[in-house]
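Next up, the structure:
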């Protein structure tokens, strides 16, 4: 009852404030085409004897992408690609029980990228028809599947949410005045300083993404964002055959924040220098167990891999009594981290320490208003991040439904936006380092380990079953030994073996006051992780088993003499 | 004569008469990319000679490919882009011609690929080639160990042919020629117009029009002395439309056009006429009766016969299919035997750029192993004579006949180029139809089947859907001997091995029809042609195709905008 009243008030307010937005909506060809097909389908799209749709949703992603790549000082590609993709979701049955399995039900199709009303509507029409028929057969399958389980499902399949109308500005790529192919070519030319490199390349991706949304509940949404990304990758082989990699990457929401050429050059040189240094560094040969310090910019990987994917409200398999899927499925209102740690997820955070966040949004991909959510309070898991697919005790979305657009499906799934990790007892980094040395001495160890950079993390934050490495395994890109006298030594070929949920709960001793922002999560649903440095009391570092190969059979070709830039 | 004027002369000759005889390839011309490839190949050969096992063969193949792709539907563009890439394929063989790392299931070890810079930057290209060569060598050496170990434990193979032939190395530098003249903006507009035409026809549910312009340059060097460069320019246009019968059966019509230059593509007017025909076919098919199981006389149009021969015969005459445990080996032991009626002969001739004035898509001067294209007589007066050979020998055939073909990234195998079926029994088509009716009467059948159009792997769409061997009859008519009008049927499926039907060819027409398409198989997708006369079969057996049960769309199509509605 209360929900209905709230919805009614909401609608009344919207009618008042959104007259301008509605006028725009009528002129936006994509929204107009969606609206026309929604209106036409509702009430008429039905097969005799089959359930009718109770909900239809259209999402269109329009992406304009500019890609440039260069390797060994020469251009290898420069493309501009424009594409529009449509995701149609049709739900039959009722909010209580519908055709959705796992992460929902939908149909992905290409749309023309031109604003031709007939062509747009034609494509939407055929996709809607297919999505409906698919929904009907999925509903029948689900009904028979559910009969196998005795217990009645406790939560609905789809949550009720108030309709919203929001028309954001459209995004466009800003190219600036720079000659990008030339810049990348010149960055990748730096390989000439180190003839032993296996690869050295630079790539750039600028994109403008505009998303359109409409559903039969009356929500209409349009949002645009741009992103400017660059990556410099290098690899080399150590004398024992180990492949070593270093990379530098930056992704910003505006061209203004994009690193300047001088900065890119110095970062590229750092990659080269690190590879040289790594090649000469000793390899980890014995297993170590003891204190490990992880720097803020390496800690994001742990948070993404261990925490982020486990705090989302993904319903469990049918028949399961768990609340969600994942490692924290049974951890609601229990301690998952030390009592000094709190984590919030805040999609409304637009800027952190002067840096713009790509993971910021006003409405999620299911047209639910973004909400700041306490995830971990004083070590205790107090909330899951949810979308419109309810889980026990979380019957409404808290604005974390995000969609990935792939040809294999564009279902939205509960996904973190910006996870902010903080400590009630934050200490300066130097204190953490000092503590590390103390622990090392106390335990009679010759040295302790310090992780400065972790290999960039897998997309596993967004999918539950994609992690390649065994649970808890992380590969540092820059790993140091810190000796009792305080001096440090770079080593290579080591991996952290047991950094799992248990280690985070019981082994995390201190955190820094040096929160650092890293972006992640891919271009469809960017995720931000803000985390400080972390000191663990007891972790295992062991030699990596993979990544070795014979050295090249013969030396690289000698470089021709070229004029120095 | 300086190089430029030579090139100019060659280009004008090529344009005037686009066949291999027209160009007079140079053998010594210098090319910066070829020079870098050659240098790096020599360095690899010298350095790896000391390795154990040492390679006995190395080749570098580079494709510089600029593709313009435009896709439209219902009057609007879905895609329009130009993509430029250079890919290098490095092949290393260790062991010997007799037994090497590509043996049997290890053929994957014969090739490694990498992306190359788009500019002729010597250092960057040399370094990239070095890296791939090293990687490929290691893969080859590793695979060879396994091949040798397997050899020791397995029984003697039926075909003990070598793994690689030592063929003559070709040096052949084709003049560069003019780049492909394809105006993107202009063709965007044309595709909008053409794709909007389908909206005139309410029976057409979905339709797509696609244009791909390929401006390519192939470069090849090998350790046995081959060195070649050749341009390849081709435009492919495809129109596809579909509908659904009231019972849910999906029905599709496809038209493809291949042309060496934009001006050789059909005009808008010609395309409109094709679209009208496609739409009419779909309307007719939608209402057509479902096929019934049938065995009896059948007539294939020239186009249908060409597709039939490409899929059913051509693929089975590819050399590599005659050896190996997983191959059908249909014709392995039939050399010298009669496999077709004696009035039929089949050649594959990639040296032909045209047949009866029509451009052929399967034309090339040298294959992907650097071997010169050759006219090969496969079947002479019904007797099997030869196979389509790459440098992988089979019993009785020790060398390549210039049919080693592949899409970049794949190891070449024997493939078709221009498959041409010739008959000494040439009946005017009117007489052929009369013979058909006589045959139906003779066999006491209520009707015969006329196959107007067959789709196969190579008549259909794109590189993503290789469907070698598949024969899908789409336009099939019942012909009644009593003079009743011909009747279209849908859902026809040829039963059993279509190959068996080849023995039942009784008569042929007097005109050859050409079909140009893209053929997909294990070495990727390549342009091919097939040509054949219409054919009368004394017996073909068909059944009704399995069909989907999805009903046609529930709602009607969205309303057409004013102008287009008028056209409808």
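Protein chains in written order, with this note's numbering: chain A, 1 to 565; chain B, 1001 to 1568. Even for Gly, the Cβ is constructed at its ideal location relative to N, Cα and C. Bear in mind that the values here come from a model prediction, so they are computed numbers and not experimental data.
- Between the stretch 502–519 of chain A and the stretch 530–547 of chain A there are three or more inter-stretch CB-CB distances shorter than 8 Å, so the stretches are counted as touching.
- In this structure the stretch 41–55 of chain A does not lie against the stretch 74–85 of chain A, because fewer than three pairs of beta carbons, one per stretch, are closer than 8 Å.
- If you draw a 10 Å sphere on the C-beta of residue 237(A), you find 16 or more other C-beta atoms in it, and that means buried.
- In this structure, 1533(B) is the residue among 1533(B), 1347(B), 1133(B) with its C-alpha nearest to the C-alpha of residue 1427(B).
- Under a criterion of Cβ atoms nearer than 7 Å, no residue of chain B is adjacent to residue 268(A); the nearest Cβ is some 16 Å distant.
- Counting along the chain, the unbroken beta strand (DSSP E) around residue 1217(B) starts and ends at 1206–1222.
- Relative to residue 33(A), the option among 269(A), 123(A), 195(A), 484(A) whose CA is nearest is 123(A).
- Note on geometry: alpha-carbon atoms of residue 1184(B) and residue 1068(B) lie some 7 Å from one another.
- Interface residue (Cβ-Cβ distance to chain A less than 9 Å): residue 1481(B) is not classified as such.
- DSSP, reduced to helix, strand and coil, places residue 1125(B) within a helical segment of the structure shown.
- Close CB contacts of residue 384(A) within its chain, under the 7 Å cut and outside five residues either way in sequence, are with 311, 312, 313, 324, 391, 394 (chain order).
- Around the Cβ of residue 1515(B), a 10 Å sphere holds 16 or more other Cβ atoms; the residue is buried.
- Residue 1192(B) counts as buried, since at least 16 other C-beta atoms from the protein chains shown sit within 10 angstroms of its C-beta.
- Around the beta-carbon of residue 1359(B), 16 or more other beta-carbon atoms lie within 10 Å, marking it buried.
- Taken through DSSP and simplified to helix, strand or coil, residue 276(A) comes out as helix.
- Between the stretch 1117–1132 of chain B and the stretch 1159–1175 of chain B there are fewer than three inter-stretch CB-CB distances shorter than 8 Å, so the stretches are not counted as touching.
- Listed in chain order, the positions of the stretch 221–239 of chain A with a beta carbon within less than 9 Å of a beta carbon of chain B would be empty, since no residue qualifies.
- About 5 Å separates the beta carbons of residue 73(A) and residue 1124(B), which is inside the 8 Å limit, making them a contact pair.
- Membership of residue 37(A) in the alpha helix (DSSP H) is indicated by the continuous run 29–41.
- Judged by their CB atoms, residue 165(A) and residue 56(A) are not nearer to each other than the 9 Å cut-off.
- For residue 172(A), no CB of chain B lies under 9 Å from its own CB, so it is not counted at the interface with that chain.
- In the assembly as shown, residue 254(A) is an exposed residue. Its beta-carbon has fewer than 16 other beta-carbons within 10 Å.
- Rounded to the nearest whole angstrom, the CA to CA distance from residue 137(A) to residue 1174(B) is 58 Å.
- Contact of residue 1137(B) with chain A by beta-carbon distance below 7 Å involves 553.
- Short of 7 Å from the beta carbon of residue 1549(B), and not among the five residues preceding or following it, lie these beta carbons of its own chain, in chain order: 1248.
- Annotated three-state conformation of residue 387(A) is coil, per DSSP.
- Residue pairing by DSSP places residue 1116(B) opposite 1086(B) in a beta bridge.
- By the criterion of a C-beta distance shorter than 6 Å, residue 1109(B) is surrounded in its chain by 1101, 1139, 1140, 1143, once the five residues flanking it on both sides are discounted.
- With its beta carbon less than 9 Å from one in chain A, residue 1047(B) belongs to the interface.
- Between residue 544(A) and residue 242(A), the C-beta gap is smaller than 9 Å, which places the two residues in contact.
- Counting along the chain, no alpha helix (DSSP H) covers residue 1505(B); the unbroken beta strand (DSSP E) around it starts and ends at 1505–1509.
- When DSSP states are grouped into helix, strand and coil, residue 128(A) belongs to the helix group.
- Closer than 9 Å at the C-beta level to chain B, one finds no residue of the stretch 511–534 of chain A.
- Around the beta-carbon of residue 560(A), fewer than 16 other beta-carbon atoms lie within 10 Å, marking it exposed.
- Straight across, the Cα-Cα distance linking residue 271(A) with residue 202(A) is about 12 Å.
- Residue 1308(B) sits buried, since 16 or more C-beta atoms from the chains shown fall within 10 Å of its C-beta.
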